[in-house]
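What follows is a set of notes on a single structure, which appears directly below.
Protein chains: 2
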Amino acid sequence: MATIKDVAAQAGVSVASVSRAINDPSSVAPGTLERINAVIRKTGFAPNKIARSLKVQTSKSVAVVVPDISNPFHLKVIKGAESVLAAAGYTLFIMDTEESAEKETRSLRDLFDRQIDGLVYIPVLTNQRLPRVLAESRIPFVVVDRALGTDHDTVLSNNFAGISLLLNHLASLGKHRIALIGGPEGTHLGRERNQAYRTLVRQYRLEDNPALVRCGEFTIEAGLALARQLVAEQLAPEAVVAAANFLGIGALKAFRDLGVKVPGDLELVVFDEMGDLVDPPITHVRQQAFEMGAQATRFLLERLQGLTVAPRTVLFEPVLYLAPA
Amino acid sequence: MATIKDVAAQAGVSVASVSRAINDPSSVAPGTLERINAVIRKTGFAPNKIARSLKVQTSKSVAVVVPDISNPFHLKVIKGAESVLAAAGYTLFIMDTEESAEKETRSLRDLFDRQIDGLVYIPVLTNQRLPRVLAESRIPFVVVDRALGTDHDTVLSNNFAGISLLLNHLASLGKHRIALIGGPEGTHLGRERNQAYRTLVRQYRLEDNPALVRCGEFTIEAGLALARQLVAEQLAPEAVVAAANFLGIGALKAFRDLGVKVPGDLELVVFDEMGDLVDPPITHVRQQAFEMGAQATRFLLERLQGLTVAPRTVLFEPVLYLAPA
DNA sequence: ACCGTGTTTGGTAACGGTTACACCCTGGAG
DNA sequence: CTCCAGGGTGTAACCGTTACCAAACACGGT
Chain A
1 MATIKDVAAQ
11 AGVSVASVSR
21 AINDPSSVAP
31 GTLERINAVI
41 RKTGFAPNKI
51 ARSLKVQTSK
61 SVAVVVPDIS
71 NPFHLKVIKG
81 AESVLAAAGY
91 TLFIMDTEES
101 AEKETRSLRD
111 LFDRQIDGLV
121 YIPVLTNQRL
131 PRVLAESRIP
141 FVVVDRALGT
151 DHDTVLSNNF
161 AGISLLLNHL
171 ASLGKHRIAL
181 IGGPEGTHLG
191 RERNQAYRTL
201 VRQYRLEDNP
211 ALVRCGEFTI
221 EAGLALARQL
231 VAEQLAPEAV
241 VAAANFLGIG
251 ALKAFRDLGV
261 KVPGDLELVV
271 FDEMGDLVDP
281 PITHVRQQAF
291 EMGAQATRFL
301 LERLQGLTVA
311 PRTVLFEPVL
321 YLAPA
Chain B
1001 MATIKDVAAQ
1011 AGVSVASVSR
1021 AINDPSSVAP
1031 GTLERINAVI
1041 RKTGFAPNKI
1051 ARSLKVQTSK
1061 SVAVVVPDIS
1071 NPFHLKVIKG
1081 AESVLAAAGY
1091 TLFIMDTEES
1101 AEKETRSLRD
1111 LFDRQIDGLV
1121 YIPVLTNQRL
1131 PRVLAESRIP
1141 FVVVDRALGT
1151 DHDTVLSNNF
1161 AGISLLLNHL
1171 ASLGKHRIAL
1181 IGGPEGTHLG
1191 RERNQAYRTL
1201 VRQYRLEDNP
1211 ALVRCGEFTI
1221 EAGLALARQL
1231 VAEQLAPEAV
1241 VAAANFLGIG
1251 ALKAFRDLGV
1261 KVPGDLELVV
1271 FDEMGDLVDP
1281 PITHVRQQAF
1291 EMGAQATRFL
1301 LERLQGLTVA
1311 PRTVLFEPVL
1321 YLAPA
């Protein structure tokens, strides 16, 4: 690769002039500029970004760090981020932490000392607070999907509202004994949705029976196992709410395997969409994942452009998708 | 962030010693080493990778560049890459080119002058040959899923075999008039699968009627539209093969909307999986995406470790998943 | 003729590391 | 008692840019 020195030599000017020709063309005489540009075209020279970053301490790039790139929600957040970044001239790096706190720390570290400018960050599920690396860093970031403190920008879904939409729908259908297939109590996200269920069950005066709530990991396997339990123990719920897409998928599989008709024997509703071709169509709420990614990135760009305002938190409202009756 | 100079000053040694302490501990006296390490721990110092890369022209990182991160096939290739990279101590960057050649070029450029060491590369669909940036670069890369030349490592699916499995299945079911919903003829991938269909139709002595093949983009919308055409034109195929997952999804939707029973009125088989919960279950072939990503990455690592052998091409066999009758 | 003023340009010190090279010890062999 | 080998350390050049500063020059006004 040609360097700025080569160009300077061939054009018969100093490196300083070449640098100026690139970064502030108006500051160099038209004749010189043309000569330099000719050489640049000829050699295909492009300034080395590494060297540039080292000097200017910025890299015109941001990263999105997500716990599981195959989770459709995360995927859409990424797509949302891409949509606003494309216009802004930033390069986007995606990193998959595979739900491992250790891998997450490594990734963050790595991004930092590669001079990433900013970060859209969906924490690993088990994180109860901001990783030290992040807290100590001076780079702007915005946290998506999990509340991890208030001294930085945060973009969240209104989990309570989401569960509320689902329970309200079931209640309006006259269901009374409604089970929950919930996420892990040890995580913020799981707790928040489970708690919403408990609160709302009382509020709607539905059957309030601890045996009706089953919690596990946010995985298809867990959904499958918990749904099986519910059926096996003859609790005969009239409806089931699954607190996440993977749980819903697992539950639906279980019911199908066990010959439980959905809907019919049982109503199933789920938090988050499960895919395009799910049959029968299942009533669910959708998070505005794309829009959340976009908004988070807008916040980030504002900070990158020097805006300093108090940390903001925004809540996106999930929307209900009713399956045709 | 602390720099190596700070550490050197605090430890009362030269920067050279600190650098050595990090990169070749055995070369510094035990006492000094300990003193340096103490300071490093205290300050949380980590060498700036940017500066390091600039000097040593390597960055211990590789990238996976894919055209569409929400395509399950690409996703699994990424997961496969991750699985082998984790062990090797390389950082993985993921970039989504969104099926845009222009964006792809930018991304590749960007990666290069960030001193990426190697590349696992799934080209944008419309690329007929290796992008210039890549061809001219000196960094090792391996191309996945599309044949773009023979002077580099390539990892492919046996598309012919995949179509063959599907047609063979249909033929064994006694189907004779089999339509194809194919990909764009202007792309290598589309052409390859469509061509396989044409060849095999003759080979199996099935109805060889150009009106039975409909091609379009690899999208859900195209699948939907093409399936509608097939139904509308009363060609009455006994079976349909969709040449890709998105086409299959679209087709299934169309049939469902039009009240065409699958199976029953029509048999549908598709190249690639469509999702976990598709109902009814559809007979399809799966590419060994994860394994392909892993293999590609293994090839890459070998080159990164200095192996120089002739460029290799490996073909992975798709496997048939029969829907329960 | 002289003096600002303004435009172009070149020299060069950073940025934060790595590494070739020279230097200084110390100790064992001759 | 010299000499040499070799371990441990520091100095400084270098990676490719950018940006500050000063130098060179032209030009219009007194």
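Those protein sequences? They're chains A and B, same order as listed. Residue numbers for the first sequence, in this note's numbering: 1 to 325. Residue numbers for the second sequence, in this note's numbering: 1001 to 1325. Here a beta-carbon is modelled for each residue, glycine too, at the ideal position from N, C-alpha and C.
Annotated as distal: B:PHE1299 and B:ASP1151, with beta-carbon spacing of 8 Å or more. Contact between A:ALA239 and A:VAL84 is absent: CB atoms are separated by about 39 Å, not below the 8 Å threshold. In the DSSP assignment, B:SER1157 falls outside any alpha helix (DSSP H) and lies within the beta strand (DSSP E) extending over 1153-1157.
Taking a cut-off of 8 Å on C-beta distances, the stretch 88-95 of chain A touches the stretch 48-68 of chain A, as three or more cross pairs fall below it. When the five nearest sequence neighbours on each side are left out, the beta carbons in the same chain lying within less than 8 Å of the beta carbon of A:GLY44 are those of ALA2, in order along the chain. Classified as buried, A:ASN245 has 16 or more neighbouring CB atoms from the shown chains inside 10 Å of its CB.
A Cβ-Cβ separation of about 5 Å places A:VAL15 in contact with A:ILE4 under the 8 Å criterion. With the rule of 3 Cβ pairs closer than 8 Å, the stretch 157-171 of chain A does not count as touching the stretch 108-125 of chain A.
DSSP, read as helix, strand or coil, puts A:PHE141 in strand. Under the three-state reduction of DSSP output, B:ARG1193 falls in the helix class. For A:ALA46, there is no enclosing alpha helix (DSSP H), as DSSP marks it with neither H nor E. Across the stretch 1111-1135 of chain B, CB contacts with chain A closer than 7 Å involve ASP1113, ARG1114, GLN1115, in sequence order along the chain. Taking the CA atoms as reference points, B:ILE1163 sits about 49 Å from A:ALA196. Pairwise C-beta distances place the stretch 1117-1125 of chain B out of contact with the stretch 98-107 of chain A, as fewer than three of them are shorter than 8 Å. The closest CA to that of A:PRO184, considering only A:THR219, A:ALA87, A:ALA147, is found on A:THR219.
Residues of chain A whose Cβ lies closer than 9 Å to the Cβ of B:LYS1261 do not exist, since the nearest Cβ in that chain is about 13 Å away.
Here DSSP, grouped into helix, strand and coil, assigns A:GLY182 to strand. Between B:HIS1074 and B:PHE1160, the alpha-carbon positions lie close to 20 Å from each other. In this structure, the straight-line span from the alpha carbon of B:ASN1048 to that of B:TYR1321 is close to 49 Å.
Residue pairing for B:ILE1282: DSSP places it in no beta bridge.
Neighbours of A:SER70 in chain B, taken as residues at a C-beta separation under 9 Å, are given in chain order as PRO1072, LEU1075, LYS1076, ILE1078, LYS1079.
Sequence-ordered contacts of the stretch 1036-1065 of chain B with chain A read ALA1046, ASN1048, LYS1049, ILE1050, ALA1051, SER1053, LEU1054 [C-beta pairs closer than 7 Å].
When the beta-carbon positions are compared, B:ILE1249 and B:GLY1223 come within less than 8 Å of each other. The shortest CA-to-CA distance from B:LEU1212 to any of B:ARG1146, B:GLN1128, B:HIS1176 is the one to B:HIS1176. A residue is called buried once 16 or more other Cβ atoms fall within 10 Å of its Cβ, and B:VAL1028 is buried on that count. The shortest C-alpha to C-alpha distance from B:GLN1115 to any of B:GLY1264, B:ASN1023, B:ARG1303, B:THR1058 is the one to B:THR1058. In this structure A:ARG52 is buried. Its beta-carbon is surrounded by 16 or more other beta-carbon atoms within 10 angstroms. Legend: CB atoms of the stretch 210-227 of chain A lying less than 7 Å from CB atoms of chain B are not found in any residue. Close partners of A:ILE94 in chain B (Cβ separation under 8 Å): ILE1069, PHE1093, ILE1094, MET1095, ASP1096.
Against chain A, the CB of B:GLU1207 has no partner CB under 8 Å away; the residue lies outside that interface. Distance between B:TYR1090 and B:SER1061, taken at the CA atoms: about 5 Å. Look at A:ILE116 here: in three-state DSSP terms it is coil, with no helix or strand label.
For A:GLU99, the closest Cβ of chain B is not nearer than 8 Å. From the listed residues B:ALA1236, B:LEU1266, B:SER1157, the smallest Cα separation to B:VAL1319 is found for B:SER1157. DSSP, reduced to helix, strand and coil, places B:VAL1056 within a helical segment of the structure shown. For A:ALA242, the pairing in a beta bridge is given by DSSP as A:ILE181, A:VAL270.
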